[in-house]
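Each residue of the sequence shown is one higher than the one before, counting from 1 in the UniProt record's numbering. For glycine and all other residues, C-beta sits at the position ideal for the given N, C-alpha and C. The next block holds one structure in the form of structure tokens; read it before the comments.
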Amino acid sequence: MATASVSVEFQNLTLSECFDQGLSSYESICESTEPAKESGTQYRIIKCMKILEHTTQLVSAAGMFSDNETIEEIPTADVKYMLLPFMLGSLALKLTNNGNRLDVSKS
Numbered sequence: 001m002a003t004a005s006v007s008v009e010f011q012n013l014t015l016s017e018c019f020d021q022g023l024s025s026y027e028s029i030c031e032s033t034e035p036a037k038e039s040g041t042q043y044r045i046i047k048c049m050k051i052l053e054h055t056t057q058l059v060s061a062a063g064m065f066s067d068n069e070t071i072e073e074i075p076t077a078d079v080k081y082m083l084l085p086f087m088l089g090s091l092a093l094k095l096t097n098n099g100n101r102l103d104v105s106k107s
């Protein structure tokens, strides 16, 4: 998915700011009445996925979640990051170009 890259402005955001930007973009896409197959919408979907993928990498690098902790042990402020796989999957289903879907499934 090289058609949209995460710009430098997202690289410099904090984890929370990056998530908030991705969530805002995700909500905008979901609430849009524009058909998903439109090239502008596809571009926004791919860009949002890049932001959310970057956020997921930041969460991983921070070691935020552990296999041996229960949901009760996760700080309330961090629970929102558990939505990242859902949002990425939801956006992947909106991709209309099979090549883009294959790129997503390989990563």
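Of all C-beta pairs linking the stretch 43 to 52 to the stretch 16 to 28, three or more are shorter than 8 angstroms, placing the two stretches in contact. The criterion of a C-beta distance shorter than 9 angstroms is satisfied by G40 and E34.
DSSP, reduced to helix, strand and coil, places P85 within a helical segment of the structure shown. The shortest CA-to-CA distance from A77 to any of E17, F10 and L91 is the one to E17. Buried is the label assigned to L91, since at least 16 other Cβ atoms lie within 10 Å of its Cβ.
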